[in-house]
Amino acid sequence: MFGYIIQGLMWTVMITVASFLLGSIFGIAVAGARVSSSRIVRICARIWVDVIRSVPPLVWLFLVYFGLAELGIRLTSLVAAILTFSVIASAYLGEIYRGGLAAIGRGQIEAAQSLGLGRVDLFVRIVAPQVFRTVSPSMVTYGIGLMKDSALASTIGVVELTFRANQVAQNTGEGLSAFLIVGLIYLAFSVPLGIWARHSDARASQKYQVG
Amino acid sequence: MPDQIPHLKAVNICKEFGQVQVLRDVCMEINSGDVISIIGPSGAGKSTLLRCINLLETPTTGVLEIGDFKITIGEGHKKASKKELATLRRNVGMVFQSFNLFPHLTVMENISLAQRRVLGRTKDEANSRTLELLDRVGLKEKADAYPGRCSGGQQQRVAIARSLSLDPMVMLFDEPTSALDPEVGAEILTVMRELANDGMTMMIVTHEMAFAREVGDRVYVMVDGVIVESGDPRVIMSEPTHERTKQFLSAVMGR
Amino acid sequence: MDLGTWFGYVAELLPGLVNAVKLTGISLGLGLPLALVLALLIDNRLRVVRWITIGFVEIGRGLPLLVLLYIFYQGLPQVNIVPSALASATWAFTWSAAAYATEIIRSSIRSVPRGQTEAGNSLGLNERDRFRYIILPQASRIAIPPLMGLSIIMFQLTSLAYVITYSEVMQAAYFLGTTTFNYLPVFLAAAAVYAGVTIPASALVTTMEKRLSKHL
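Written out as structure tokens, the structure reads:
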């Protein structure tokens, strides 16, 4: 049983990591759109993010997997899962970036500008490092959430951890053992990372207190 | 001088925060009705000393005597029991720099709460005593207002009334006017002056040099956790003997 | 697909919505009081109590809700306990809600300014009175917006109860899909139902946040 179940970890990790990476990258575009100088772009981005966050991931998953199939686009369950979670992640991570950006006082940006720093330099050397340090704990927390969401992929047939545990439960009736194993595997990731994230959050807010 | 039982006595109070020694063998003796001011540069440990006296901070070692309450602190000595702490805090009132009024309670409730829960007074007893105190600080009409609706000066006066509501033996003031505009600060100093004239024993950490000189019976100058000089305020402020006192006074008063 | 038929689909999903709201209500109704207890137990003197509480919270937070649901519905039968769909959903959702709410409550308590505790201390109030009259009222006000946010999240999570055949929105949508074979419009209808509740609710939370921060 254990051997069968543990193979699911590979799929769980694949979904989580791929969605997180794609989401982090596209999240930058989302954040950029949210603070764009064009009002139309800002409003569209706001609607995009709000709609994505107002509908449960399971529904999006089904829309992508079953719904697109009706339009002739048949995706494998793995691709559907990664696609869905990447888009959702880009919305959430985009908001996390935006929050981190807002936390950087205007004063810093103005000081850098008056020193003659160009826009790119300003971004790369001053804004980005600070935003990154501030939002890392939130990003890790989101990553943990993403790993938990990956369990949803079991409903469309991806053979990850939860799917396999379910199979064992249905075929052998030893559901409790199966889910205990799976539970421990999830906890092995989420608990240490969670502790790190909460610890870092507390430290980050102390470290950069000025004045 | 006739035998006066000192109201408050602190012996060899030491306080460490980690590696930093904030208070070094501070000793003080205060008699009933004394008004003493504690002055000195920032970080000298003045606030910490005050907070050690009502045990908001626990000294690392030392002996504290207030009225009937006596405690020796340090290795090998028992910690103060909850009952002892409660007695101590009933007898020592504290007024904070940032007022610390309870924002979700009205002025009346702010002042009656401790009377009812700590002293066991009935609602009527507490309320009537509260109105007396509010009258004394000139805020009777604000009884049903929330702190958020009161100005800074009014809030601090409510805070003073709140500490007085337990009929304490000693009142501690931790920079009571530092968070207020000068004119407003003057209101508070007036209330404090009246309290002093009524015979309250007071310990005041302050930057208000004029107040310390005119109202205080004694002034203590603290620098780096040590009392470097103490005595009659008029004498010390015009002719300080200790080098650090001279430095501090010249910086503060521009001499 | 004409609009009339589509709205018909939405209407068919509404009974499921009622069940979803019911489940949300139950899980919070049980979970929030539990969370308050847990928040206080975490600082208990006895190490055993602390560890059990922390374990309960970490598991409720660290496991996917889907797995929690399955543990009750598919797992317990192994030891001859066979809970119904509603029972499984209740236990799993309550556990999860309580776990998240505990952190919100602890954080709210920590957010009450230290000066308040000091003032209470210097007035001689004991710990129980300080908590009851000074800390708890203020912490509650601070906790309301995040707890409302949690409610919205729990509402969205009720979609998971579909996998254990609890008849909420997704279950209704699935049946509708299998009878009409129009999965796309049906799931879009489901999305609309969720968004229709979540978007106004989130706006309400934002308004409450602004109002509450003005008062204090």
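Chains as they are written, first to last, in this note's numbering: chain S, 5 to 215; chain L, 146 to 400; chain P, 5 to 220.
The beta carbon of each residue, even a glycine, is placed where N, CA and C say it ideally should be.
As the structure is a prediction and not an experimental result, all values here were calculated from the model.
Coarse secondary structure for residue i, derived from DSSP in three states
| i | result |
| --- | --- |
| L:K224 | coil |
| L:T351 | coil |
| L:F247 | coil |
| P:D6 | coil |
| L:H387 | coil |
| S:L1 | Because chain S in this structure spans residues 5 to 215, residue 1 of chain S falls outside the shown range and cannot be described. |
| L:S182 | strand |
| L:D289 | coil |
| P:E1 | This structure gives no information on residue 1 of chain P, because the portion of chain P shown stretches from 5 to 220. |
| L:A189 | coil |
| L:N157 | strand |
| L:E374 | strand |
| L:M173 | strand |
| L:R274 | helix |
| L:Q166 | strand |
| L:L394 | helix |
| L:T205 | coil |
| L:V263 | coil |
| P:F185 | coil |
| S:G76 | coil |
| P:M152 | helix |
| L:H210 | Per the sequence presented here, residue 210 of chain L reads as Glu, with His not at that position. Three-state DSSP puts L:E210 in a strand. |
| S:M14 | helix |
| S:M5 | coil |
| P:V201 | helix |
| S:V59 | coil |
| S:Q213 | At S:Q213 the pLDDT is 40, less than 50, meaning the model places this residue with poor confidence; the figure from the coordinates comes in the next sentence. Here S:Q213 sits in coil by DSSP. |
| P:G128 | coil |
| S:V162 | coil |
| L:V366 | strand |
| S:G71 | helix |
| L:G283 | coil |
| S:G217 | Outside the modelled stretch of chain S, which goes from 5 to 215, sits residue 217 of chain S, for which no answer is possible. |
| S:V195 | helix |
| L:G361 | coil |
| L:G219 | coil |
| L:V240 | strand |
Inter-residue CB distance, residue i and residue j (contact presumed, cutoff 8 Å)
| i | j | result |
| --- | --- | --- |
| P:F97 | P:S31 | 4 Å |
| P:A205 | P:L154 | The pair is not a contact, with the Cβ atoms about 12 Å apart (cut-off 8 Å). |
| P:G12 | P:A176 | In fact, because the Cβ distance is near 13 Å, the residues do not count as touching under 8 Å. |
| S:G71 | P:F191 | 5 Å |
| L:L153 | L:V371 | 19 Å between Cβ atoms; not a contact. |
| S:F66 | S:G147 | That belief does not hold up - the Cβ atoms of S:F66 and S:G147 are roughly 23 Å apart, past 8 Å. |
| P:Y77 | S:E74 | At roughly 30 Å, the Cβ-Cβ gap does not stay under 8 Å, so P:Y77 and S:E74 are not in contact. |
| S:I100 | S:M143 | 6 Å |
| P:R2 | P:L216 | Outside the modelled stretch of chain P, which goes from 5 to 220, sits residue 2 of chain P, for which no answer is possible. |
| L:G293 | L:P248 | 6 Å |
| S:G161 | S:S81 | 5 Å |
Note to self: Against chain L, which members of the region 78 to 89 of chain P pass a CB distance test of less than 8 Å?
What the structure shows: none
Margin query: Measuring CB atoms only, is the region 127 to 146 of chain S touching the region 49 to 65 of chain S, in the sense that at least three cross pairs come out at less than 8 Å?
Written below: no
Notebook entry, point to check: Does the region 273 to 281 of chain L come within contact of the region 252 to 265 of chain L, defined as at least 3 CB pairs closer than 8 Å?
Noted result: yes
Check: Does the region 209 to 216 of chain L touch the region 374 to 391 of chain L, meaning 3 or more C-beta pairs lie closer than 8 Å?
Finding: no
Next item on the list: Run through the region 12 to 88 of chain P for me and flag every whole alpha helix (DSSP H) of 4 or more residues, listed as ranges in chain order.
Entry: 51 to 66 and 69 to 74
Next item on the list: List in chain order: all unbroken alpha helix (DSSP H) runs of 4+ residues lying wholly within the region 78 to 144 of chain S.
Entry: 81 to 107 and 110 to 118
Margin query: For the region 156 to 174 of chain P against the region 121 to 129 of chain P, do three or more pairs of beta-carbon atoms, one drawn from each stretch, fall closer than 8 Å, so that the two count as touching?
Written below: no
Checklist line | Cβ-based contacts, 9 Å cut-off: residues of the region 23 to 36 of chain P near chain S | finding: none
Check: Going along the chain, which unbroken runs of the beta strand (DSSP E) with 3 or more residues stay wholly within the region 300 to 355 of chain L?
Finding: 315 to 319 and 346 to 350
Notebook entry, point to check: Using a beta-carbon distance cut-off of less than 8 Å, what residues from the region 61 to 74 of chain P approach chain S?
Noted result: E62, I63, R65, G66, L67, P68, L69, L70, V71 and Y74
Margin query: Within 8 Å, do at least three Cβ pairs link the region 156 to 163 of chain L to the region 335 to 352 of chain L?
Written below: no
Checklist line | Selection of the region 131 to 156 of chain P by Cβ proximity to chain L, strictly under 8 Å | finding: D133, Y137, I138, P141, Q142 and R145
Note to self: Can you pull out the residues from the region 200 to 215 of chain P whose beta carbon lies closer than 8 Å to at least one beta carbon of chain S?
What the structure shows: T202, I203 and S206
Checklist line | Contact set between the region 189 to 207 of chain S and chain P, restricted to residues whose Cβ is under 7 Å from the partner | finding: Y190, L191, S194, V195 and G198
Notebook entry, point to check: Touching or not, the region 59 to 75 of chain P and the region 162 to 169 of chain S, by the rule of three or more beta carbon pairs under 8 Å?
Noted result: yes
Notebook entry, point to check: When the Cβ atoms of the region 185 to 193 of chain S are set against those of the region 80 to 98 of chain P, are three or more pairs found closer than 8 Å?
Noted result: no
Check: Can we say the region 267 to 275 of chain L touches the region 319 to 339 of chain L, given the rule of at least three CB pairs closer than 8 Å?
Finding: no
Check: In the region 252 to 266 of chain L, which residues sit with their C-beta less than 7 Å from some C-beta in chain P, listed in chain order?
Finding: L258, A259, R262 and V263
Next item on the list: Could you name the residues of the region 157 to 170 of chain S whose beta carbon sits closer than 8 Å to any beta carbon of chain P, in the order they occur along the chain?
Entry: S158, T159, T166, A169 and N170
Next item on the list: Specify whether the region 166 to 186 of chain L and the region 281 to 288 of chain L touch according to this definition: at least 3 beta carbon pairs, one from each stretch, less than 8 Å apart.
Entry: no
Check: Is the region 328 to 343 of chain L touching the region 196 to 208 of chain S, taking contact as three or more C-beta pairs under 8 Å?
Finding: no
Note to self: Beta carbons nearer than 7 Å to chain L: which residues of the region 105 to 120 of chain P have them?
What the structure shows: G119 and Q120
Check: What residues in the region 42 to 71 of chain S have a beta carbon less than 7 Å from any beta carbon of chain P?
Finding: D54, V55, S58, V59, P60, L62, V63, F66, L67, F70 and G71
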